[in-house]
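Working notes, beginning with the structure itself.
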Amino acid sequence: MVKSGTIILNTAARFLMPLQLLFSVFLLLRGHDEPGGGFIAGLVAAGAFTLYLFAFGVSATKEVLRMVDSRDLIGVGLLLGMISVVPAWFMGQPFLTAQWWTIPVIDFKASTPLIFDIGVYFAVLGSVTGMVMTLMEVDKDEP
Amino acid sequence: MIQFVVLMGFVLAALSPMLNHWFGQRTSLVLALFPAGLAAWLALQAPEVIENGSLLLEWQWVPSLGISLTFLLDGLSLLFGLLITVMGACVLVYAGGYLKNHPDLARFHIALVAFMVSMLGLVLADGLLTLFVFWELTSITSYLLIGFNHADINARKSARQGLFVTVAGGLALMAGLVLLGIASGSWSLAEILDQEADLREHALYTPMLICLLLGAFTKSAQFPFHFWLPNAMAAPTPVSAYLHSATMVKAGIYLLARLHPELGGTAMWVGILSVVGATTMLVGAFLAIHHTNIKKLLAYSTIMALGTLTMLLGIGTEYAMTAFVTFLLAHSLYKGALFMVAGILDHETGTKDVTQMGGLRSLMPVTATIALVAALSFAGVPPLLGFIGKELMLESVLGADSFRTLLILFAFLASILTIAVAFIVALRPFYGKRHQTPLEPHEAPFSMLIGPALLAMVSLLLGLIPAVLGADALLTATATAISGQTVEVALSLWYGINVALIMSIVSLGLGFLLFKRWDTVRGKLSVLAPVMRHGPEAGYESIMNGIVHFSEWQTRILQNGYMRNYILVMLITLIALIGNSILLRHSPQFAFDLDVRFHEVVVAGSMVMGALFATISRSRLGAVVSVGIMGFSIALIFILFSAPDLAITQLLVETLTVILLVLVLFRLPRFSNLSTSLERIRDGAVAAMVGILICLLIMTSWSIQQFEPISTYMIENSAPLAYGRNIVNVILVDYRALDTLGEMFVLALAAIGVIAMLKLRHGDERNGESNNTKTTDSSKVAAKEPYDG
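If you read the sequences in order, they're chains A and B.
Each step along the first sequence adds one to the number in the working numbering, with nothing skipped, and position 60 is 60.
Each step along the second sequence adds one to the number in the working numbering, with nothing skipped, and position 512 is 512.
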């Protein structure tokens with residue numbers, strides 16, 4: 001049984017979670033050039049929620065997730081992964097060929113690998129938080 | 001890009017609930033525009049196909065793997081494509097009337113449109129594997145359609161039976177297609193058909209043919225696999241009209257016709273196809289007259305027709321090819337119309353039993369006329385298309401090279417029975433004394449009449465002016481595609497007085513006699529009932545039961561739920577496979593350089609210590625922590641050898657593993673000693689062997705360098721081609737994105753599996769508890785509920 005509610009953990013979790021999430025987005029976006037990427041970023045984000053989970057319990061964490069079910073996150077991840085496959089067809093190139101576009105004003109390189117990586121991020125995040133939360137829920141209801 | 005349009009059909013199917021929202025009851029009409037448009041496109045291609053023989057429409061998909069979606073449009077696929085789209089449009093319009101106000105109309109549309117697209121893909125596909133994929137899709141969509149009334153246990157059972165039989169055949173077909181691909185060295189039908197080399201001489205011919213025939217025979221309900229088709233009548237009637245008369249059951253026939261130029265004509269082909277076809281023809285016709293259910297009557301007569309088509313392909317003469325294409329077209333037209341008439345009768349009278357109907361002609365004049373025209377074509381009465389088809393069929397049987405007497409006998413008997421069935425279906429409900437029916441019958445709505453009326457009219461028109469089909473027209477192209485050499489199809493209503501005509505007239509008379517005395521005959525036939533129970537369906541049942549018993553047995557042995565057994569089996573397999581390969585195929589290498597640094601020794605040492613402590617620790621938490629130490633040491637090694645991505649991943653995974661283990665730890669039973677010391681020695685030995693083997697494997701693989709490592713290419717091209725400097729990430733999301741996509745699905749499935757199992761178990765425990773403690777309370781609540789609502 002995991003007990004929640006020690007002051008140090010609660011305070012730390014409240015501050016660390018947004019930081020960790022921000023860090024995960026940072027890891028995700030720089031992943032193509034520097035160490036990082038969707039898988040790692042997804043794990044970091046899952047770690048953030050797990051920490052919050054340990055501090056405040058399942059229902060509070062669900063509130064933070066704003067009613068987004070982790071199973072839906074898995075679905076979103078898979079969908080993004082599948083979507084990134086398609087654009088190459090319309091360019092007359094073989095399936096899965098990476099496509100790159102530069103967004104002019106902010107000079108940002110958008111690409112299908114990035115969409116794909118975001119898909120990986122959500123799939124990992126959804127899978128891990130889903131498993132951890134279900135385990136906690138089952139744990140909590142035990143007498 | 002016609003491929004794209006065809007595949008968009010799947011999107012249309014998925015969107016049909018939304019269309020339902022916008023168009024309500026008229027959705028069927030809107031959806032019917034899709035097949036109608038495709039039919040128009042196909043019709044526009046007809047002149048070119050007739051002139052050139054075939055069209056190849058290519059669409060590259062994954063060129064590096066040689067996967068493309070190519071459509072082969074020749075006479076055969078054009079005829080089938082037209083049948084599928086035209087019938088599809090008719091059936092959709094018809095279904096709009098038949099299932100009017102049905103709450104699940106949207107679900108019906110999804111499955112029906114998806115089926116239509118799959119079937120179209122099947123007949124248009126050029127690639128053997130594409131053909132197989134669409135083939136399986138038709139099996140799955142047909143399963144959904146047969147089981148449409150899923151609240152009915154019979155419908156579910158029939159759907160499952162149809163699926164098992166056709167998918168079992170599908171497995172054989174896959175093997176057959178792979179053999180065909182290997183034997184011919186090509187995966188494209190167009191190339192295979194163009195080939196000079198004769199596949200009939202190939203060593204793989206016999207196994208290939210048997211596998212392909214199994215696939216075709218199960219799909220096309222040939223004896224002894226015919227039993228699923230009558231059961232499939234549990235489907236709504238529009239489905240029966242579409243799948244079980246004109247399209248899906250003809251997929252097997254299509255495959256046989258498609259491969260006939262390359263594989264046909266051998267003694268084996270002729271023998272199997274003519275005998276199985278003729279048997280199916282007779283069995284189907286004979287079983288039909290046992291039934292009074294109008295849909296069963298039609299289903300068995302469809303089996304008869306499918307048998308006839310197979311037999312004609314077996315005979316394989318030029319005449320038989322002409323007969324094949326004419327009979328195929330005629331049958332699709334009249335059988336589709338008759339099924340829709342059956343649906344109208346069922347819809348309007350509330351019964352499917354023909355003996356319960358009678359005298360409906362005055363109440364439903366249009367339906368009666370349609371039924372009469374279609375049935376006359378069915379019975380082979382001039383001047384309808386069915387007559388020409390039947391004449392040609394009898395003529396080809398008379399000209400058969402092998403099994404001539406047998407085929408003539410079977411064909412003659414079957415045509416008598418068929419004629420009786422045609423009259424039973426078309427005359428019995430509409431003429432004679434009026435019967436009391438569950439519903440008060442009146443004429444069907446326009447939407448349900450237009451489809452069958454169109455099909456019946458085409459039967460009549462094509463019968464009157466058969467020349468539009470013959471010389472230099474569609475059927476010539478079709479017959480040419482099937483036989484592999486030019487066949488001039490010359491159709492006419494009058495071939496002069498010959499044996500076939502005499503047989504036709506005699507069978508017509510005898511058939512009418514049988515129709516008149518049907519009630520007596522049926523009574524006498526019921527004597528056969530005990531014998532019938534031991535038919536192929538009983539065999540299917542016992543095979544299915546056998547499979548269930550076998551899987552229960554093997555689950556008890558192999559899937560016993562003990563983690564230690566699973567791991568033991570996996571590790572022993574690993575030892576056997578790797579050990580075999582290393583010790584026998586390569587000489588194991590022990591060479592390694594001893595240039596190790598002090599810090600490396602420390603890290604390696606802590607790993608070994610962690611592993612050792614994990615095995616001897618008597619505290620679970622201690623074991624988890626020491627496994628964690630091992631994991632973090634591995635991360636350290638990654639850092640030392642400058643692989644930051646791997647190190648970060650390893651650290652995170654390790655952290656999460658510890659968290660998950662801690663969460664589960666509290667739920668495990670008390671730590672106790674379950675293994676005997678003998679078992680521990682065995683486990684220890686297995687573990688040690690795995691360790692040693694993996695060590696050997698790494699050292700051996702390090703010393704063997706068979707080709708240039710691929711990493712050089714990846715490192716060189718990572719920045720210029722993939723615009724990324726982090727090679728690990730570029731590999732994951734670009735070079736090997738397909739693998740990653742697969743892994744994402746694996747991860748998602750694993751997570752959903754874990755979540756489902758935890759929730760399920762949890763739910764079980766809770767239910768079990770409440771059942772034990774307050775059984776009486778909950779049963780009272782359950783009994784009360786209906787009144788509360």
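The C-beta atom is built at its ideal place from N, Cα and C for all residues, glycine as well.
| Item | Value |
| --- | --- |
| Rounded C-beta distance between B:Leu758 and A:Leu135? I'm assuming under 8 Å. | 7 Å |
| Between the C-alpha atoms of B:Gly307 and B:Phe227, what's the straight-line distance to the nearest angstrom? | 13 Å |
| In chain B, which residues lie with their C-beta within 9 Å of the C-beta of A:Gly57? | Neighbours of A:Gly57 on chain B: none; closest Cβ ~13 Å, over 9 Å. |
| For A:Ser127 and A:Gly38, what's the separation of their Cα atoms in angstroms? | 13 Å |
| Hey, how far is the Cα of B:Arg517 from the Cα of B:Leu508? | 14 Å |
| Between the segment 728-750 of chain B and chain A, which residues of the former have a C-beta closer than 8 Å to a C-beta of the latter? | Val728, Asn729, Val730, Leu732, Val733, Asp734, Ala737, Leu738, Thr740, Leu741, Met744, Phe745, Leu747, Ala748, Ala750 |
| For the beta strand (DSSP E) that A:Phe95 lies in, which residues bound it at each end? | No beta strand (DSSP E) holds A:Phe95; DSSP gives it neither H nor E. |
| Counting contacts by CB-CB distance shorter than 8 Å, is A:Asp72 in contact with chain B? | no |
| With burial defined as no fewer than 16 other Cβ atoms inside 10 Å of the residue's Cβ, what is the status of B:Lys352: buried or exposed? | buried |
| Quick one: what's got a C-beta closer than 7 Å to B:Thr714's C-beta in the same chain, skipping five residues either side? | It is Met, not Thr, that sits at residue 714 of chain B in the sequence shown. Correct list, in chain order: Ile727, Ile731, Tyr735. |
| Should B:Arg26 be labelled buried (16 or more other beta-carbon atoms within 10 Å of its own) or exposed? | exposed |
| Taking B:Leu338 and B:Ala374 to be in contact with their CB atoms under 8 Å, please state how far apart those CB atoms are, rounded to whole angstroms. | 5 Å |
| Looking at the structure shown, is A:Ser84 part of a helix, part of a strand, or coil, going by DSSP? | coil |
| Assign B:Cys695 to one of two classes, buried (16 or more other C-beta atoms within 10 Å of its C-beta) or exposed (fewer than that). | exposed |
| Between B:Ile146 and B:Ala235, which are expected to be in contact by the criterion C-beta below 8 Å, what is the C-beta distance as a whole number of angstroms? | 4 Å |
| Could you check the C-alpha separation between B:Ile497 and B:Glu391 for me, to the nearest Å? | 11 Å |
| What three-state label does DSSP hand A:Gly77 in the structure shown? | helix |
| B:Tyr143 and B:Met340: beta carbons closer than 8 Å? | no |
| How would you list, in chain order, the residues of chain B whose beta-carbon sits under 8 Å from the beta-carbon of A:Ile40? | Asp645, Ile648, Thr649, Leu652 |
| Put A:Ser111 into one of helix, strand or coil per three-state DSSP. | strand |
| If you run the structure through DSSP and keep just helix, strand and coil, what is B:Asn293? | strand |
| Looking at the structure shown, is B:Phe671 part of a helix, part of a strand, or coil, going by DSSP? | coil |
| Chain B partners of A:Phe15, CB-CB under 7 Å? | Under the 7 Å cutoff, chain B gives no residues; its nearest Cβ is about 19 Å from A:Phe15. |
| Does the beta carbon of B:Leu758 sit closer than 8 Å to a beta carbon anywhere in chain A? | yes |
| Could you work out which residues of chain A lie near B:Ala722, taking near to mean beta carbons separated by less than 7 Å? | Ala98 |
| Taking just the CA atoms, how far does B:Leu493 sit from B:Ser459? | 13 Å |
| Would you say B:Leu345 and B:Met357 are within 8 Å of each other, going by their C-beta atoms? | yes |
| I'd like to know whether the C-beta of B:Thr355 is nearer than 8 Å to at least one C-beta of chain A. | no |
| Which class does B:Thr70 belong to by DSSP, given the choice of helix, strand or coil? | coil |
| Identify whether B:Leu229 lies in helix, strand or coil by the three-state DSSP scheme. | helix |
| Using beta-carbon positions only, say whether B:Ala39 and B:Leu82 come within less than 8 Å of one another. | yes |
| Should the segment 216-232 of chain B be regarded as contacting the segment 188-207 of chain B, the criterion being three or more beta carbon pairs within less than 8 Å? | no |
| Could you have a look at A:Thr11 and say whether DSSP puts it in helix, strand or coil? | helix |
| In this structure, what does DSSP give as the bridge partners for B:Asp353? | B:Asn293 |
| Would you say A:Ala46 faces chain B, with C-beta separation under 8 Å as the test? | yes |
| Do we get a CB-CB distance below 8 Å when we pair A:Ala60 with the residues of chain B? | no |
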